[in-house]
Amino acid sequence: SQGILEISGFDKGLPPDMPLVPMWVKQSGDWWSTGQIVDSEFLEGIKFLVDTQIIEISTLESASSSDLKIPQWTKTVVGWWNEEQISDDEFLIIIKNLIEREIIVV
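Our numbering numbers the first residue of the sequence shown as 52 and each following residue consecutively.
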């Protein structure tokens, strides 16, 4: 019988050369890490990643807009991501961890 071979590192719904994280989210991260937009605007991109299951969170309670928070030290990580010092996959793992530990609330 024939089986299905799955290759990790690729999203089966996207062509191989298409980035997993939309460019507008990465641009938003760049603007946020350099102080050009406020936390809530950057969190909209993170929320999009969660809502579209690019970042899969097992349990997530919805927060009101007044509960939105993000530590300022995460700007360093976002800066690394925008400078391609870390990959999209590494960025997604870091953000997922911060959300699951409730360090970032979306």
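Ideal Cβ placement from N, Cα and C applies to all residues, glycine included.
Looking at the secondary structure, which residues open and close the alpha helix (DSSP H) in which residue i lies?
i: Ser-138; result: Run containing Ser-138: none; DSSP gives neither H nor E here.
i: Gln-78; result: 74 to 84
i: Ser-91; result: 90 to 102
Could you give the C-beta distance for residue i and residue j, rounded to a whole number, given that I count them as a contact under 8 Å?
i: Leu-71; j: Asp-139; result: 5 Å
i: Ile-121; j: Ile-88; result: Not quite, the Cβ-Cβ distance comes to about 12 Å (not below 8 Å), so this is no contact.
i: Leu-143; j: Thr-125; result: Not confirmed; about 14 Å, so no contact.
i: Val-128; j: Ile-145; result: 6 Å
i: Lys-147; j: Ile-108; result: 7 Å
Tell me the DSSP secondary structure of residue i in three-state form.
i: Ser-128; result: At residue 128 the sequence reads Val, which differs from the Ser that was named. Reduced to three states, the DSSP call for Val-128 is helix.
i: Glu-151; result: helix
i: Ile-106; result: coil
What residues are listed by DSSP as bridge partners for residue i?
i: Lys-120; result: Val-156
Legend entry - Inter-stretch contact at 8 Å, needing at least 3 Cβ pairs: the stretch 128 to 142 / the stretch 75 to 85: Because the criterion of three Cβ pairs below 8 Å is met, the stretch 128 to 142 and the stretch 75 to 85 touch.
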